[in-house]
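This report refers to the structure that appears directly beneath it.
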Amino acid sequence: MSDKKYLRNDKLPHIWCPGCGNGIVLSALERALEQANVDKDKTVIVSGIGCSSRMPTYMDFNTLHTTHGRALAFATGVKLANPELTVFVIMGDGDATAIGGNHLIHACRRNIGLNAIVVNNNIYGMTGGQYSPLTPTGMKATTAPYGMVERNFDLCELAHAAGATYVARGTVFHAKPLTDLILESMDNDGFSMVEVLSTCPIGFGRRNKIRGNYELMEWVKNRAVNVKAAAKMSEEDLRGKLLIGRLYSEPAEEYTKCYDKIIEIAGKEAKR
Amino acid sequence: MPAKYQKEIDTRLCKGCGICVDLCPKEVYDRDALGKPIIARDENCVYCKQCMLHCPDFAIEFIPLKEGEA
Ligand SMILES: Cc1ncc(C[n+]2csc(CCOP(=O)(O)OP(=O)(O)O)c2C)c(N)n1
Ligand code: SF4
Ligand code: SF4
Ligand code: SF4
Numbered sequence: 006m007s008d009k010k011y012l013r014n015d016k017l018p019h020i021w022c023p024g025c026g027n028g029i030v031l032s033a034l035e036r037a038l039e040q041a042n043v044d045k046d047k048t049v050i051v052s053g054i055g056c057s058s059r060m061p062t063y064m065d066f067n068t069l070h071t072t073h074g075r076a077l078a079f080a081t082g083v084k085l086a087n088p089e090l091t092v093f094v095i096m097g098d099g100d101a102t103a104i105g106g107n108h109l110i111h112a113c114r115r116n117i118g119l120n121a122i123v124v125n126n127n128i129y130g131m132t133g134g135q136y137s138p139l140t141p142t143g144m145k146a147t148t149a150p151y152g153m154v155e156r157n158f159d160l161c162e163l164a165h166a167a168g169a170t171y172v173a174r175g176t177v178f179h180a181k182p183l184t185d186l187i188l189e190s191m192d193n194d195g196f197s198m199v200e201v202l203s204t205c206p207i208g209f210g211r212r213n214k215i216r217g218n219y220e221l222m223e224w225v226k227n228r229a230v231n232v233k234a235a236a237k238m239s240e241e242d243l244r245g246k247l248l249i250g251r252l253y254s255e256p257a258e259e260y261t262k263c264y265d266k267i268i269e270i271a272g273k274e275a276k277r
Numbered sequence: 007m008p009a010k011y012q013k014e015i016d017t018r019l020c021k022g023c024g025i026c027v028d029l030c031p032k033e034v035y036d037r038d039a040l041g042k043p044i045i046a047r048d049e050n051c052v053y054c055k056q057c058m059l060h061c062p063d064f065a066i067e068f069i070p071l072k073e074g075e076a
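Protein chains in written order, with the numbering used here: chain X, 6 to 277; chain U, 7 to 76.
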């Protein structure tokens with residue numbers, strides 16, 4: 006019987022398929038929260054809709070399982086109402102970059118103090134494996150039976166360009182470094198995003214003839230290059246690779262703090 | 007390597023995904039008929055905990071052994 010400090014252990018086993026990366030992400034996240042020793046009553050976990058968005062169901066906090074693509078909108082409300090709270094937002098790649106893409110860029114732009122975790126399993130897992138804006142070009146999906154025609158986003162570059170002040174990428178193959186990145190992201194006052202290269206053995210792996218659960222984790226590993234190692238590699242060698250590690254850390258004033266100042270100014274004006 | 011932990015596999019939580027078996031650098035585990043791990047060569051274990059860290063189902067636990075328990 007699992008007895009993890011921050012899990013609703015009685016809700017296990019979870020609903021995810023055997024070998025699904027979501028469980029590895031949840032495990033890494035739980036360890037980060039343990040190491041940070043967060044206060045259960047001052048931490049909120051928000052998610053959208055998707056397999057990965059089931060994560061809060063298993064987490065022993067105040068949790069909000071919202072609507073597809075809108076997790077950041079709900080989380081923005083939570084944070085503005087009570088800026089003291091630590092707010093995690095868990096989203097799938099479809100959730101965060103397709104239907105919720107606009108919420109993502111504007112949360113980045115505002116630099117609101119949320120900790121976003123985007124579980125990128127390259128596919129819409131829950132609805133049966135349709136492609137997402139993060140499906141790598143050429144890979145198969147139910148809606149791309151001959152291979153994905155479109156180019157995929159580099160999500161971390163997108164978040165950085167939109168204004169996120171902490172951006173990192175981890176993978177389910179590198180479980181311990183993932184915990185370290187999540188922990189580090191919590192130190193940033195403003196908007197933090199950790200993209201996790203994850204696995205959907207059912208919707209993505211099988212369709213792309215990567216059959217074993219561990220084989221799919223190795224496929225993820227082979228797509229990734231540590232940002233420090235990348236500095237010594239040629240452009241040729243880096244083609245098609247995704248950088249992992251801490252990519253950007255550029256602290257700036259957090260949104261609810263800026264907002265507090267407006268409240269103060271407006272209050273003074275009203276008294277005049 | 008002398009045992010520092012006792013490994014426990016929760017077969018109720020385990021879904022037999024095979025990740026721990028495939029990932030262990032020391033081939034500590036065999037598979038049972040359902041694909042769930044059997045601790046077959048515990049003496050080879052180097053306690054890297056990679057199996058536990060990558061189990062998607064919270065099914066592997068390392069329970070620290072007190073001195074003299076090994
Ligand atoms: C407004 C709305 N549109 C569509 C859906 C159907 N739907 C549910 S989950 C999902 C996509 C899930 O993919 P992703 O966000 O990548 O998460 P994953 O399941 O892969 O973790 C979609 C399209 C919905 N629930 N609500
Ligand atoms: S469909 Fe994919 S993402 Fe969803 S639980 Fe199964 S393996 Fe995980
Ligand atoms: S701790 Fe390391 S060596 Fe021991 S069983 Fe697990 S993966 Fe194998
Ligand atoms: S990794 Fe976990 S769920 Fe998968 S076979 Fe091993 S113990 Fe079972």
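Every residue, glycine too, gets a C-beta built ideally from N, C-alpha and C.
Q: Look up arginine 251 of chain X in the DSSP assignment and give the residues it is bridged to.
A: X/Ala173
Q: Report the neighbours of aspartate 38 of chain U on chain X: residues whose CB is nearer than 7 Å to its CB, in chain order.
A: By Cβ distance, chain X contributes nothing, its closest Cβ being about 14 Å from aspartate 38 of chain U, past 7 Å.
Q) aspartate 159 of chain X and asparagine 125 of chain X: beta carbons closer than 8 Å? A) no
Q: For isoleucine 187 of chain X, return the contacting residues in chain U, with the cut-off set at a CB-CB distance below 9 Å.
A: At a C-beta separation below 9 Å, isoleucine 187 of chain X has no neighbours in chain U, since its nearest C-beta there lies roughly 13 Å away.
Q) Just to confirm, does isoleucine 54 of chain X get its C-beta within under 7 Å of one of the non-hydrogen atoms of ligand 1? A) yes
Q: Would you please verify whether the beta carbon of leucine 17 of chain X is less than 8 Å from any beta carbon of chain U?
A: yes
Q | Positions along the stretch 51-65 of chain U whose CB lies within less than 9 Å of some CB in chain X | A | Cβ contacts with chain X come from Lys55, Gln56, Met58, Leu59, His60, Cys61, Pro62, Asp63, Phe64 and Ala65.
**Q.** Pair within 8 Å by beta-carbon distance, valine 123 of chain X and methionine 198 of chain X
**A.** yes
Q.
Does the contact criterion of 3 or more C-beta pairs under 8 Å hold for the stretch 8-18 of chain U versus the stretch 91-109 of chain X?
A. no
**Q.** Sequence-distant residues of the same chain with beta carbon closer than 6 Å to glutamate 67 of chain U, five excluded per side
**A.** Glu14
**Q.** Exposure of glycine 74 of chain X, with buried meaning 16 or more beta-carbon neighbours within 10 Å
**A.** buried
Q. Can you tell me where the alpha helix (DSSP H) with phenylalanine 93 of chain X in it begins and where it stops?
A. For phenylalanine 93 of chain X, no alpha helix (DSSP H) encloses it; the enclosing beta strand (DSSP E) starts and ends at 91-97.
Q.
Quick check on the burial criterion: 16 or more other C-beta atoms within 10 angstroms. Buried or exposed for threonine 170 of chain X?
A. By the neighbour-count criterion, in which a residue is buried when 16 or more other Cβ atoms sit within 10 angstroms of its Cβ, threonine 170 of chain X is buried.
Q: Taking only the alpha-carbon atoms, compute the straight-line gap between proline 138 of chain X and glycine 22 of chain U and give it to the nearest angstrom.
A: 31 Å
Q: Express the C-alpha separation of phenylalanine 178 of chain X and glycine 26 of chain X in angstroms, rounding to a whole number.
A: 9 Å
Q) Is it right to say valine 30 of chain X is buried, meaning 16 or more other beta carbons lie within 10 angstroms of its own, or is it exposed? A) Per the 10 Å Cβ criterion, buried.
Q) Can you list the residues of chain U that serine 7 of chain X reaches, using a CB-CB cut of under 9 Å? A) Asp16, Leu19, Asp63, Phe64, Ala65 and Glu67
Q.
Can you look up aspartate 65 of chain X in the DSSP assignment and give me helix, strand or coil?
A. coil
(Q) Could you check if cysteine 25 of chain X belongs to the surroundings of ligand 2, using beta carbon to heavy atom distance under 7 Å? (A) yes
Q) Cβ of asparagine 126 of chain X within 7 Å of any heavy atom in ligand 2? A) yes
Q: With distances taken Cα to Cα, identify the nearest neighbour of threonine 81 of chain X among X/Arg59, X/Ile110, X/Gly118 and X/Ile54.
A: X/Gly118
(Q) Taking the beta carbon of isoleucine 268 of chain X as the centre, do at least 16 other beta carbons fall within 10 Å, making it buried, or is it exposed? (A) Counting the other Cβ atoms within 10 Å of the Cβ of isoleucine 268 of chain X gives fewer than 16, which makes it exposed.
Q: For the beta strand (DSSP E) holding glutamate 14 of chain U, just list the boundary residues, first then last.
A: Here the beta strand (DSSP E) through glutamate 14 of chain U covers 11-15.
Q) Which residues in the same chain as proline 256 of chain X place their Cβ atom closer than 7 Å to its Cβ, once the five residues preceding and following it in sequence are excluded? A) Counting only Cβ-Cβ distances below 7 Å, and skipping sequence neighbours, we find Thr170, Asn193, Asp194 and Gly195.
Q: Measuring alpha carbon to alpha carbon, tell me which of X/Thr132, X/Asn157, X/Gly134 and X/Tyr151 ends up nearest threonine 2 of chain X.
A: In the structure as shown, chain X begins at 6 and stops at 277. Residue 2 of chain X is therefore absent and cannot be evaluated.
Q.
According to DSSP, is alanine 229 of chain X part of a helix, a strand, or is it coil?
A. Strand.
**Q.** Neighbourhood of aspartate 36 of chain U by C-beta, 6 Å cutoff - its chain only, sequence neighbours within 5 removed
**A.** The residues are Ile44 and Ala46.
(Q) Spatial neighbours of arginine 114 of chain X within its chain, please: C-beta separation below 7 Å, excluding the five flanking residues on both sides. (A) Counting only Cβ-Cβ distances below 7 Å, and skipping sequence neighbours, we find Ala167 and Gly168.
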